[in-house]
Amino acid sequence: MQEYKLFINGEWVDSETGEMFQDVNPATLETIAHLQKASAGDVQSAVDSAEEAFDSWSGTPAPLRAKILFRAARMLEERKEELSRLMTQEMGKILKEARGDVQEAIDMTYYAAGEGRRLLGETTPSELPNKFCLTVRRPIGVVGLITPWNFPLAIPAWKIMPALISGNTIVFKPASDTPLLSIELVKILTEAGLPKGVLNLVMGEGSTVGSEIVHNKSIRAISFTGSVETGKWILGEAGKDMKRVSLELGGKNPIIVMDDADMELAIDGVLWGAFGTTGQRCTAASRVIVHEKILPAFQKKLIDRTKKLKLGNGLDENTDMGPVINNSQLQKVSKYVEIGKEEGAKLALGGKPAQPLPGYFFLPTIFTDVSSDMRIAREEIFGPVLSIISTGSLDEAIDIANSVVYGLSSSIYTENIKNAFKAIEKLDSGITYINAPTIGAEIHLPFGGVKATGNGTREAGTTSIDEFTEIKTVYFDYSGRLQKAQIDVE
Ligand code: NAP
Numbered sequence: 001m002q003e004y005k006l007f008i009n010g011e012w013v014d015s016e017t018g019e020m021f022q023d024v025n026p027a028t029l030e031t032i033a034h035l036q037k038a039s040a041g042d043v044q045s046a047v048d049s050a051e052e053a054f055d056s057w058s059g060t061p062a063p064l065r066a067k068i069l070f071r072a073a074r075m076l077e078e079r080k081e082e083l084s085r086l087m088t089q090e091m092g093k094i095l096k097e098a099r100g101d102v103q104e105a106i107d108m109t110y111y112a113a114g115e116g117r118r119l120l121g122e123t124t125p126s127e128l129p130n131k132f133c134l135t136v137r138r139p140i141g142v143v144g145l146i147t148p149w150n151f152p153l154a155i156p157a158w159k160i161m162p163a164l165i166s167g168n169t170i171v172f173k174p175a176s177d178t179p180l181l182s183i184e185l186v187k188i189l190t191e192a193g194l195p196k197g198v199l200n201l202v203m204g205e206g207s208t209v210g211s212e213i214v215h216n217k218s219i220r221a222i223s224f225t226g227s228v229e230t231g232k233w234i235l236g237e238a239g240k241d242m243k244r245v246s247l248e249l250g251g252k253n254p255i256i257v258m259d260d261a262d263m264e265l266a267i268d269g270v271l272w273g274a275f276g277t278t279g280q281r282c283t284a285a286s287r288v289i290v291h292e293k294i295l296p297a298f299q300k301k302l303i304d305r306t307k308k309l310k311l312g313n314g315l316d317e318n319t320d321m322g323p324v325i326n327n328s329q330l331q332k333v334s335k336y337v338e339i340g341k342e343e344g345a346k347l348a349l350g351g352k353p354a355q356p357l358p359g360y361f362f363l364p365t366i367f368t369d370v371s372s373d374m375r376i377a378r379e380e381i382f383g384p385v386l387s388i389i390s391t392g393s394l395d396e397a398i399d400i401a402n403s404v405v406y407g408l409s410s411s412i413y414t415e416n417i418k419n420a421f422k423a424i425e426k427l428d429s430g431i432t433y434i435n436a437p438t439i440g441a442e443i444h445l446p447f448g449g450v451k452a453t454g455n456g457t458r459e460a461g462t463t464s465i466d467e468f469t470e471i472k473t474v475y476f477d478y479s480g481r482l483q484k485a486q487i488d489v490e
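In terms of the working numbering, the sequence shown opens at residue 1 and continues consecutively.
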């Protein structure tokens, strides 16, 4: 069994305490790795090394920083299949999706590398003569990155690459359920030439290792993706030190299917949106709001198609849906099925663990007759459970869609352009898809949500650079005399 260490100041090291934790394949329940668990002292060492490396890294011209990222992107590409297979074993998502996750990391690495020759500021005229106005971007300093398990390579890359190209140094903690892909990413960046101390990897529980990162006074910004509960806590704690905090949190994403929709297209989209990645995407469609005129036909077709999904180990290319990540997630999904039944929703399909598969498998589950006030229609389940809600009109569908605390992704299937534009205008979410499901972000566009899904920041695209830079405004007066804005001119 392979053992993995922490990466601090350019070296793979044991933790101070020598404590270990295990990494388990959720499809087979086999332990696939033992890992060193960081202590508070290890986190401090990681921060010290990141601080030490900051001057040199931030002083390296961004196009030279980019060369390292371009090399890393090529290495990720060369190792795509191997990394994808490792991801399926560690996280459970099917191979096709694991390849997508790795591709997303490749795309983000190339994209961020390209930003090395941009990192754009603004120039704008002054209101005074012989004066020049511009903005420049500066790195923030040492940043703390904390990631979840559902995109084991893509989400770390979404944070690490823009943070690096912007000149920051990093203390990074991946989810305890999926540290292996993060370890591989650190190895690749190191082999690509990243200097020591620029990227430090600490592993272990969020409540200890993550909390140390959040509270460390030398860390100037936290970028966190995970649950609303943890995100709220981080915002409060990091706020006490005036740290910059970027939060990408949960969702309860709706797909609206209008009576004028292309039904087959909508069924394809709902199946993929609800059961892709076993429903464990922040953008997963967990509610489908269907016009009452087409509801009976839609439900029947959707249930028939869902019955055909093949569960199993994601390494088998014929598998459609893998396991959930761990036992506590399996218990959570089971609990919500009971809640749904007690609330009076009709369990139309699934609703229990899939026996006799050895891992954490749960049958794709569909509830019909769901009303928008039920907990299964309001709370994030993060598993393969879909609630079907009936609607009489687009206005009502939008009200239902907006009635939850979350606001990440939303979607509408309609052939009517007026419906589409109304949905774009009225749906309270950071992302809206027309005639496509709620999942499937592209890395060069901003990603994030409104309401409890985040605190207004956006990852990916050019906004990823905003996340990891400070803007300095520069006034350059070459008039040779004292000029006063707002006073010399009115
Ligand atoms: P989580 O329990 O909040 O954990 C996320 C990360 O935070 C993990 O690395 C975890 O460490 C760490 N952590 C836990 N408690 C912490 C604390 N007190 N201080 C600092 N770090 C702490 O979430 P999860 O269950 O892994 O992920 C699922 C959630 O992420 C869902 O709600 C999903 O919607 C959301 N998500 C959102 C997006 C988005 O972009 N909006 C994308 C993906 C996922 P351990 O692993 O050691 O517990």
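Each residue gets a CB set at the ideal place from its N, CA and C atoms; glycine is no exception.
Here the structure is a predicted model, which is why all the values come from computation and not from measurement.
So which of the options has the shortest CA-CA distance to residue i?
i	options	result
Thr147	Glu115, Gln89, Val209, Gly121	Val209
Ala65	Thr123, Pro195, Gln2, Gln22	Note that residue 65 is Arg in the sequence shown here, rather than Ala. Nearest of Thr123, Pro195, Gln2, Gln22 to Arg65, Cα basis: Pro195.
Lys451	Glu415, Ser403, Gln355, Val136	Ser403
Val198	Ala53, Asn318, Thr88	Ala53
Leu134	Ala485, Ala157, Thr473	Thr473
Lys310	Thr278, Ile289, Arg287, Glu292	Thr278
Ile400	Ser429, Gly359, Gly314, Lys418	Ser429
Val245	Gly114, Ser479, Glu470, Ser126	Glu470
Asn253	Gly59, Pro156, Pro437	Pro437
Trp158	Asn416, Ser387, Val489, Ile443	Ile443
Thr60	Leu164, Ser218, Ala485	Leu164
Ile303	Ser84, Lys335, Leu347	Leu347
Glu19	Ile106, Gly204, Glu191, Arg287	Gly204
Thr230	Ala98, Ser207, Lys308	Ser207
Asp493	Asp42, Leu271, Met1	The requested residue 493 does not occur in the structure, where the chain is confined to residues 1 to 490.
Asn455	Leu235, Val288, Ser49	Leu235
Looking at the secondary structure, which residues open and close the beta strand (DSSP E) in which residue i lies?
i	result
Ser223	219-225
Phe367	365-370
His444	Neither: His444 is in no beta strand (DSSP E) and is coded neither H nor E.
Glu11	11-13
Ser286	285-291
Phe132	131-139
Gly59	Careful: Gly59 lies outside any beta strand (DSSP E), inside the alpha helix (DSSP H) at 40-59.
Pro125	123-125
Gly273	Run containing Gly273: none in the beta strand (DSSP E); it sits in the alpha helix (DSSP H), 263-275.
Met20	20-24
Ile32	31-36
Would you say the beta carbon of residue i comes nearer than 6 Å to a heavy atom of the ligand NAP?
i	result
Ile146	yes
Asn150	yes
Ser227	yes
Glu205	yes
Ala112	no
Glu248	yes
Ser411	no
Gly344	no
Thr230	yes
Ser328	no
Gly210	yes
Ala266	no
Cys133	no
Ala33	no
Ser176	yes
Between residue i and chain D, is the shortest Cβ-Cβ distance under 7 Å, so that the two count as touching?
i	result
Leu265	The chain labelled as chain D is not found in the depicted structure, where only one protein chain is given.
What's the gap between the Cα of residue i and the Cα of residue j?
i	j	result
Lys301	Gly273	16 Å
Ile188	Lys240	35 Å
Glu264	Arg305	11 Å
Glu78	Asp395	49 Å
Glu379	Val370	13 Å
Thr123	Ala377	48 Å
Glu115	Asp260	42 Å
Glu200	Asn318	Here the sequence assigns Asn to residue 200, which means Glu is not the residue at that position. Each residue's Cα considered, the two are about 38 Å apart.
Ile381	Glu127	55 Å
Leu120	Val136	7 Å
Thr453	Ser464	17 Å
Ile247	Glu459	Checking the displayed sequence, the identity of residue 247 turns out to be Leu instead of Ile. Their backbone Cα atoms lie some 9 Å apart in a straight line.
Leu330	Ala27	12 Å
Tell me where the alpha helix (DSSP H) around residue i begins and ends.
i	result
Tyr110	95-115
Asn327	327-343
Ile187	The amino acid occupying residue 187 in the given sequence is Lys; Ile does not appear at that position. Where Lys187 is concerned, the enclosing alpha helix (DSSP H) stretches over 180-191.
Ser403	Where Ser403 is concerned, there is no enclosing alpha helix (DSSP H), given that its DSSP letter is neither H nor E.
Pro296	295-307
Arg79	Per DSSP, Arg79 belongs to no alpha helix (DSSP H) and is neither H nor E.
Ile213	211-215
Asn419	417-426
Gly231	228-240
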